[in-house]
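When the count follows our numbering, it moves up by one through the sequence shown with no breaks and lands on 271 for the last residue.
Take a look at the structure set out below.
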Amino acid sequence: MAGWSGALVALLALLAACSGPVTLGNITFGKQRTPPTVVTVSNSDPTPARLTSRSQNWAGYIIAATPPAKVPRVTAISATWQVPQVTSATNADSSTWVGIGGVKNDSLIQAGTDQLVQNGKVGYYAWVELLPALPQPVRGIDLLPGDTVTVAISYESGQTWQIRITDKDANKTVTQKVTYASCFCSAEWIEEAPSINGQQATLANFTSVTFSGMSATVGGKAAIPASVCPRPLTVALTCATPIRMVDGAGKDIVQPQVIHAGSFSAVYVYNDAPLKP
């Protein structure tokens, strides 16, 4: 995510400060219904470090290739996950999303859910972002932690894309048609510490999130990652490359678990105690 505008940050601040239903234009936040139970997983099957790339803001899996090799055109991506419940003693944020582009490229079309802690309050919402434009909240979905959400992005023709977000527990689906000049150059399933006004936010503790039903269309063929790609990176329709999130000292924040049959979990493992000498 590229960053949030001042107006959007103010909107989220208002959301976080309110405990009951809040209506802003056509968007209703905080509708009262019983949230589903949030299921978490343990850090029992982390991907070996030697096979994992490192990032200070992304964790998850990507379909990419080691330059100068190129990925055949990526024209669709989708996945399902349960919105994680987040905690933090300070202002913090986390985003869960799927996207096309963005790996060593400034082109990125993405959509997902955001879990924000601000002034001691927590807000959950769906969003869409077309870099370099700012992310936009999705109208018509009242998101709660534990909701099962499916996000799908698909290319139609010209520069037209369809983005579809379904909240199974709220029984809501929103479909948007957008115009975007994509690089078609990579596919991502990511948990992110997003940036707000150009500064990377502290990652909210989301415990874990599990992506399932992962799929992409690569070179006109279905790609369902079911294993970790070997190095150097080559493009295959049945494997993907893991990324773990680290802090400035190289300490792990989020570890992706080994992928199995189009499903993996990302687990928050960070302890900000100083590294032992």
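Built from N, CA and C at the ideal position, the CB exists for glycine as well.
Owing to the predicted nature of the structure, the values given are computational and were not obtained by experimental measurement.
Query                                                                                                                                                                    : Result
Select from 256, 237, 72, 261 the residue whose C-alpha is nearest the C-alpha of residue 45.                                                                            : 237
If you follow the beta strand (DSSP E) that residue 235 is part of, which residue opens it and which one closes it?                                                      : 233 to 240
Beta strand (DSSP E) containing residue 110: first to last residue?                                                                                                      : 102 to 112
If you draw a straight line from the alpha carbon of residue 202 to that of residue 104, how long is it in whole angstroms?                                              : 21 Å
Under a three-way DSSP split, which group does residue 67 fall into?                                                                                                     : coil
My output table needs one value for residue 48: the three-state DSSP class, helix, strand or coil.                                                                       : strand
Output needed for residue 148: all residues of its chain with C-beta closer than 6 Å, excluding positions within five of it in sequence on either side, in chain order.  : 70, 156
If you count every other CB in all the chains shown that lies within 10 Å of the CB of residue 54, and 16 or more means buried, which is it?                             : buried
According to DSSP, is residue 219 helix, strand or coil?                                                                                                                 : coil
Kindly indicate which residue of 200, 165, 135, 47 has the alpha-carbon position closest to the one of residue 260.                                                      : 200
Mind checking whether residue 255 and residue 220 have CB atoms under 7 Å apart?                                                                                         : yes
Work out the CA separation of residue 240 and residue 48 for me, nearest whole Å.                                                                                        : 7 Å
Since residue 116 contacts residue 80 with CB under 8 Å, what's their CB separation in whole angstroms?                                                                  : 6 Å
Sort out for me which residues DSSP pairs residue 146 with in a bridge.                                                                                                  : 72, 158
Please list, in chain order, all residues of the same chain as residue 164 whose beta carbon is under 7 Å from its beta carbon, the five residues on each side excluded. : 135, 136, 141
Within its chain, find whatever has a CB closer than 8 Å to the CB of residue 61; leave out the 5 residues flanking it on each side and keep chain order.                : 98
Out of 50, 210, 225, point me to the one whose CA is closest to residue 244's CA.                                                                                        : 50
Look up residue 86 in the DSSP assignment and say whether it is helix, strand or coil.                                                                                   : strand
Assuming residue 252 and residue 222 form a contact by the criterion Cβ under 8 Å, report the distance between their Cβ atoms to the nearest whole angstrom.             : 6 Å
To which residues of the same chain is residue 150 closer than 7 Å at the C-beta, ignoring the five residues directly before and after it?                               : 156
Along the beta strand (DSSP E) that carries residue 184, what are the first and last residues, could you check?                                                          : 181 to 186
Going by the CB atoms, is the gap between residue 207 and residue 31 shorter than 7 Å?                                                                                   : no
Check each candidate in 173, 144, 162, 56 and name the one with the smallest Cα separation from residue 154.                                                             : 173
With residue 250 as the anchor, note down where its beta strand (DSSP E) starts and where it stops.                                                                      : 246 to 250
What three-state label does DSSP hand residue 127 in the structure shown?                                                                                                : coil
So, are the CB atoms of residue 92 and residue 180 less than 7 Å apart?                                                                                                  : no
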